[in-house]
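Numbering (my numbering), first residue to last: 55 to 212. Quick reminder that beta carbons are idealized off the backbone N, C-alpha and C, glycines included. All of these numbers come straight from a predicted model, not from anything done at the bench. Just below is one structure, and these are the notes that go with it.
Here is the structure:
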């Protein structure tokens with residue numbers, strides 16, 4: 055029970071930090087590097103699967119990634135870029151905060167429901183995969199949108 059509470063508190067702290075980071079980032083121009091680095095940094099978390107208690111079977115991997123991809127569509131819909139002074143900025147969305155906390159609530163409820171039948175380690179592994187599937191899909195969509203605007207900027211400069 056301690057681990058469930060501790061991981062939930064950490065998730066709440068991380069979600070709150072993510073909101074502040076996203077708001078701060080919207081004040082500076084976006085770049086390809088700023089879009090692709092977060093998933094690369096997050097990918098180091100996959101090292102948890104070296105330890106047997108975090109390993110999950112392939113069905114659980116597919117389930118977790120599929121749910122993550124589904125949830126990413128909400129983030130994709132609220133991630134908009136705009137051109138300001140020949141730079142591309144990520145437009146802060148009020149819906150992002152609501153979506154992020156909504157996803158956190160869904161995650162907590164799912165963890166409580168699944169936690170009784172799946173071990174803490176497997177649950178941790180599945181939620182890592184869910185989050186990773188979500189951030190990869192979201193960031194690929196952001197990268198696509200960014201590149202499209204960048205092309206538009208270059209064409210208008212000609």
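Item, Value
"To which residues does DSSP link residue 110 through a beta bridge?", "Partner(s): none; residue 110 has no beta bridge."
"Quick one, are the C-beta atoms of residue 174 and residue 99 less than 7 Å apart?", "no"
"Would residue 129 and residue 69 qualify as a contact pair, given that the criterion is a beta-carbon distance under 7 Å?", "no"
"Do you know whose CA, among 57, 74, 93 and 211, lies nearest residue 137's CA?", "211"
"By DSSP's criteria, residue 138 is part of a beta bridge. Which residues make up the other side?", "141"
"Can you give the Cα-Cα distance for residue 114 and residue 178, rounded to whole angstroms?", "12 Å"
"Have a look at residue 93 and residue 192 and give me their C-alpha separation to the nearest angstrom.", "10 Å"
"Please tell me whether residue 151 and residue 67 are closer than 7 Å, where the distance is taken between their beta carbons.", "no"
"Quick check: what's the CA-CA separation for residue 143 versus residue 206?", "14 Å"
"In angstroms, rounded to a whole number, what distance separates the CA positions of residue 203 and residue 101?", "35 Å"
"Quick one: what's got a C-beta closer than 6 Å to residue 122's C-beta in the same chain, skipping five residues either side?", "184, 187 and 188"
"Which class does residue 171 belong to by DSSP, given the choice of helix, strand or coil?", "coil"
"Buried or exposed: residue 71, going by 16 or more other Cβ atoms within 10 Å of its Cβ?", "exposed"
"Would you mind working out which of 209, 170 and 147 sits nearest residue 80, comparing C-alpha positions?", "147"
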